[in-house]
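Read in order, the letters of the sequence shown correspond to residues -17 to -1, 1 to 59 in mature numbering (1 follows the signal peptide of the UniProt record, and there is no 0).
Report on the structure given below.
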Amino acid sequence: MKTVAIVGIAVIMSACAGMGRPGIVGNPASVTISNVWNQSAAQSHADKHCAQFGKVARYNTGTPDTYHFSFDCVAP
């Protein structure tokens, strides 16, 4: 019974931790942002990534239920 209580507390505490840091994987042509709540949150991270290459982020596709959003880095 004690083990069940400990596991239950661990599950509750992990739920309180939130989404954590966004995952950003990309190159000069595109970027995928994961672990964000919605497209607008992903857009700001994509904008920063693409700006490193003198480009802007254009939304390509996303899967809101898995919190993954893809963007193309295009010339302004």
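We put the CB at the ideal spot given by N, CA and C, even for glycine.
All figures in this text were calculated on a predicted structure; none of them were measured in a lab.
How many angstroms separate the CA atom of residue i from the CA atom of residue j?
i	j	result
histidine 51	alanine 58	23 angstroms
threonine 49	asparagine 18	8 angstroms
glycine 3	alanine 25	14 angstroms
valine -11	lysine 31	Any reading at valine -11 must be qualified, since the residue scores a pLDDT of 44, below 50, and its modelled position is unreliable; the value itself is stated next. Distance between the alpha carbons of valine -11 and lysine 31 is about 39 angstroms.
arginine 41	valine 14	10 angstroms
Can you tell me which of the options puts its alpha carbon nearest to the alpha carbon of residue i?
i	options	result
asparagine 21	Val39, Pro5, Asp55	Pro5
glycine 37	Cys56, Ile16, Val8, Gly9	Cys56
valine 39	Thr46, Ile7, Phe54	Phe54
Which same chain residues, not among the five before or five after residue i, have their C-beta less than 6 angstroms away from its C-beta?
i	result
serine 23	none
If I measure Cβ to Cβ from residue i and keep anything under 8 angstroms in the same chain, skipping five residues before and after, which residues do I get?
i	result
asparagine 43	Ser13, Ser53, Phe54, Asp55
Beta strand (DSSP E) segments (min. 3 residues) lying fully within the region 6 to 30: Here the runs fully enclosed are 6 to 9, 13 to 17.
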